[in-house]
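A.B. asks:
Numbering (the UniProt record's numbering), first residue to last: 1 to 736.
1. For residue 31, which residues from the same chain have a beta carbon less than 7 Å from its beta carbon, with the 5 sequence-adjacent residues on both sides left out?
2. Out of 58, 543 and 457, state which residue places its alpha-carbon closest to the alpha-carbon of residue 476.
3. Can you tell me the Cα-Cα spacing of residue 51 and residue 231, whole angstroms?
4. Does DSSP put residue 498 in a helix, a strand or coil?
5. Among the candidates 558, 535, 559 and 526, whose CA atom is the shortest distance from the CA of residue 548?
6. Helix or strand or just coil, what does DSSP make of residue 300?
7. What residue does the alpha helix (DSSP H) around residue 672 start on, and which one ends it?
8. Within its chain, find whatever has a CB closer than 6 Å to the CB of residue 650; leave out the 5 residues flanking it on each side and keep chain order.
9. Distance, Cα to Cα, residue 269 vs residue 285?
10. Suppose the cutoff is 6 Å on Cβ atoms and the five residues either side in sequence are ignored; what does the same chain contact list for residue 225 look like?
11. Using the Cβ count rule (16 or more neighbours within 10 Å means buried), how would you classify residue 360?
12. Which runs of the alpha helix (DSSP H) at least 4 residues long sit entirely within the stretch 462-486? Give them in chain order.
13. Would you give the residue range spanned by the beta strand (DSSP E) that residue 158 belongs to?
14. Can you give the beta carbon distance from residue 564 to residue 663, rounded, assuming they're within the 8 Å contact cut?
15. Cutting at 8 Å between CB atoms, please list the residues of its own chain near residue 571, excluding the five before and the five after it.
16. Which stretch, first to last residue, makes up the beta strand (DSSP E) that contains residue 207?
17. Assuming the contact rule is C-beta atoms closer than 8 Å, residue 81 and residue 66 should be a hit. Round their C-beta distance to whole Å, please.
18. Am I right that residue 227 and residue 200 are in contact with their C-beta atoms under 8 Å? What's the rounded C-beta distance?
19. What is the residue span of the alpha helix (DSSP H) that residue 92 lies within?
20. By the DSSP assignment, the alpha helix (DSSP H) with residue 724 in it spans what residues?
21. Within 10 Å of its beta-carbon, does residue 732 have 16 or more other beta-carbons around it, so buried, or fewer, so exposed?
22. Keeping to the same chain, check which residues put their C-beta closer than 6 Å to that of residue 583; ignore five residues upstream and five downstream.
23. When the distance is taken between beta carbons, is residue 318 closer than 7 Å to residue 300?
24. Quick one: what's residue 323 bridged to in DSSP?
25. My output table needs one value for residue 21: the three-state DSSP class, helix, strand or coil.
26. Please determine, among 54, 692, 704 and 706, the residue with the shortest C-alpha to C-alpha distance to residue 719.
27. Looking at the unbroken beta strand (DSSP E) that takes in residue 647, where does it start and where does it end?
28. So who's on the other strand from residue 510, going by DSSP bridges?
29. At the 7 Å Cβ level, is residue 557 part of the contact set with chain B, yes or no?
30. Using the rule of at least 16 other Cβ atoms within 10 Å of the residue's Cβ for burial, across every protein chain shown, is residue 617 buried or exposed?
31. Thinking C-alpha only, which one of 91, 530, 85 and 84 is nearest residue 77?
32. With distances taken Cα to Cα, identify the nearest neighbour of residue 485 among 471, 696, 469 and 503.
33. Indicate the three-state DSSP secondary structure (helix, strand or coil) for residue 543 in the structure shown.
34. My assumption, with CB atoms under 8 Å, is that residue 46 sits in contact with residue 99. Please give the rounded CB distance.
35. Figure out for me which residue from 578, 597, 546 and 586 has the closest Cα to the Cα of residue 567.
36. Does the count of Cβ pairs from the stretch 174-193 and the stretch 389-401 closer than 8 Å reach three?
Right, here's the structure in full:
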């Protein structure tokens, strides 16, 4: 990520001028809890794992900062502030350590990403031109011309020609690294670009000295070739991250850029979406997308929620219905009351899930971060020892300096730094194309380790659209207001059968039990038999209703299995995972579903705590459990499992507790996610092994003088390309 120096400096000056309180950043703060706030910033100059560690470490020690997480893919720094936290202090700390920041704005971030891409492309083109043309003059120097060795005068001419082409190109292309290294050193730290810059500069200086003294060996071509290959790796890394950024950007592009605000007098005006706040009244016409989450005040229509839930059937909405941002209004004119700002809408939350999944801290990433953090001092010590020992053993100063520069070049840890992030981004991008949102790289890693799958039944293995088998119209009319207040699939089926109508006021969902509401005459309850106080029949899926006078009504349902559910269960077995069905439903339908799937291990009538106890029991015997659930009663079990997945139609709480979210109508995507997770683990381990082997061989070879700068440049850059291309195999299904 790169802001222009002007943008970063303007904000730095504003921070300095504002003094202790800092500039007014209240417009950029988001309330996240009682007294807690989140500040989103766009950071300049962060390129590697060491940068992440530096930024997050400094902010962790800053008073008033509760948390800090930098997404290297987007440059977005999310800072959690305690009640006494000062946003201005955060900006001053970042400026002091050499990472100036501005308040995060999607348009500014996109422009900064485009600038970075153009800068890398230009530098890559210049380096490629310089490398190719410098070699035209340097190859005859060491290989001869037409089978004959060059004379001194011709050799000197060729060296100067190589310098004339290679040196300017190296300086121009190297500015990407030189600026980063200089900013790091000026801030009193060293990043991975420091040894690269030192190695390139030393190689150029030694080559100029050799040319002036009419020596034999120069390495102008090596310096510019090193930069060319480094820039290829950096551009590929940029392209990988752009894929992850575009996933979130594509979602946010579905959000309406503006909204029609209604004043109290009924007048209407268009306003930017960022100005919409909870409580504002909005008008949405047919063909427009819902701008923010809200509740229908007037009007009736049908909404296309496909991008949010994966369900293709339109949803009918009437006064009192909840509408989610991003849904497409198909038919009627609606007036909504906003319930959330645009940055807190359903669509924005999904986009943040995608973004956070692209760069997260799995154990592999943490291992790479630790290795990269100790790299800079270790490689500088190794280079210094190479020079001192070589000089002490009688090597000419020029040769000792050249060996030290070669050590700096050949041991650049780009391969190690890319080993895991490239794999995570590629895996998350591939799954996103298949409709699976990866919230956490650590979750993807844990998914690869899972050896036991536990499924909720209703809405996961079944279609989640239970059919009402029998109902007296009068009984249904009595229960209808309370059914419309519940999100449970059985209650939704009742509400659909009852049709449109009023919603019970003050209704409250009781996790794993049902929904209740108080009236002047008493309490109405809808849910499990025990919750309502009715006898349990146990032979059918049922829902009981008790009205406010104590009368009981029973509704029976059938919920057919999804067509792909049988393949899901057998696919788990083929991948070595045991399967369990954990349901809050009664025994008979749970048993029938499990038998149809060929799953011998099933439990029925489970409360939320009962599901947690089953998961805990499996973990106690060493099982790594994948839990798949969609209801409020699954949240605790999802949180306790080794890894969790939820369908896109699940409640927000279930999706928040899950590590991955898949399309509800495509449960086979769970199998694909497991395959990709296991392939990603193999790619990451292969990259680690290659990076370690490369450094074990290349480092000592350079210290002993067995490698010259040109070969070092090829070897180091080649190692980065190997791990990047290995990660890219995941995008096209390679390495299954």
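Heads up, the beta-carbon is just placed ideally off N, CA and C, and yes, glycines get one too.
Every value quoted in this text rests on a predicted model; they were computed, and no experiment measured them.
C.D. replies: Short version:
1. Taking C-beta separations shorter than 7 Å and ignoring five residues to either side along the sequence, the partners of residue 31 in its chain run 37, following chain order.
2. Nearest of 58, 543 and 457 to residue 476, Cα basis: 543.
3. Straight-line Cα distance between these residues: approximately 19 Å.
4. Shown here, residue 498 sits in a helix according to DSSP, grouped into three states.
5. The shortest C-alpha separation from residue 548 is found at 526.
6. In the displayed model, residue 300 falls within coil according to three-state DSSP, outside both helix and strand.
7. Per DSSP, residue 672 belongs to the alpha helix (DSSP H) from 669-703.
8. Cβ-Cβ distances below 6 Å link residue 650 to 630 in the same chain, with the five nearest sequence neighbours on each side left out; the list follows chain order.
9. Residue 269 and residue 285: Cα-Cα distance of roughly 13 Å.
10. Answer for residue 225: 131 and 713, listed in chain order.
11. The predicted position of residue 360 is uncertain, since its pLDDT is 47 and thus under 50; a value taken from the coordinates is nonetheless stated next. Note on residue 360: 16 or more other CB atoms within 10 angstroms of its CB, so buried under the neighbour-count rule.
12. Scanning the stretch 462-486 for uninterrupted alpha helix (DSSP H) segments of 4 residues or longer gives 473-483, listed from N- to C-terminal end.
13. For residue 158, there is no enclosing beta strand (DSSP E); the enclosing alpha helix (DSSP H) has its first and last residue at 152-186.
14. At roughly 11 Å, the Cβ-Cβ gap does not stay under 8 Å, so residue 564 and residue 663 are not in contact.
15. Excluding positions up to five away in sequence, the list reads 668 and 671.
16. No beta strand (DSSP E) contains residue 207, which is instead part of the alpha helix (DSSP H) from 193-212.
17. The C-beta distance from residue 81 to residue 66 rounds to 6 Å, short enough to fall under 8 Å.
18. Confirmed, about 7 Å.
19. Counting along the chain, the alpha helix (DSSP H) containing residue 92 begins and ends at 87-96.
20. Element bounds for residue 724: 709-728.
21. With fewer than 16 neighbouring CB atoms inside 10 Å of its own CB, residue 732 falls in the exposed class.
22. Counting only Cβ-Cβ distances below 6 Å, and skipping sequence neighbours, we find 457, 590 and 604.
23. Cβ distance < 7 Å, so residue 300 and residue 318 count as in contact.
24. Residue 323 is bridged to 294.
25. Confidence in residue 21 is poor, its pLDDT being 46 and thus under 50, which makes the residue's placement unreliable; the coordinate value appears in the next sentence. Note: residue 21 maps to helix in three-state DSSP.
26. Restricting attention to 54, 692, 704 and 706, the CA atom closest to the CA of residue 719 is found in 692.
27. If you look at residue 647, you'll find it in the beta strand (DSSP E) that goes 643-647.
28. In DSSP, residue 510 forms a bridge with 514.
29. Of the chains in the structure shown, none is chain B; there is only one protein chain.
30. By the neighbour-count rule (16 or more Cβ atoms within 10 Å), residue 617 is not buried but exposed.
31. The shortest C-alpha separation from residue 77 is found at 91.
32. The option with the nearest alpha carbon to residue 485 is 503.
33. In the structure shown, the three-state DSSP call for residue 543 is strand.
34. The beta carbons of residue 46 and residue 99 sit about 6 Å from each other, so the pair counts as a contact at 8 Å.
35. It is 597 whose Cα lies nearest to the Cα of residue 567.
36. Verdict: no, contact absent.
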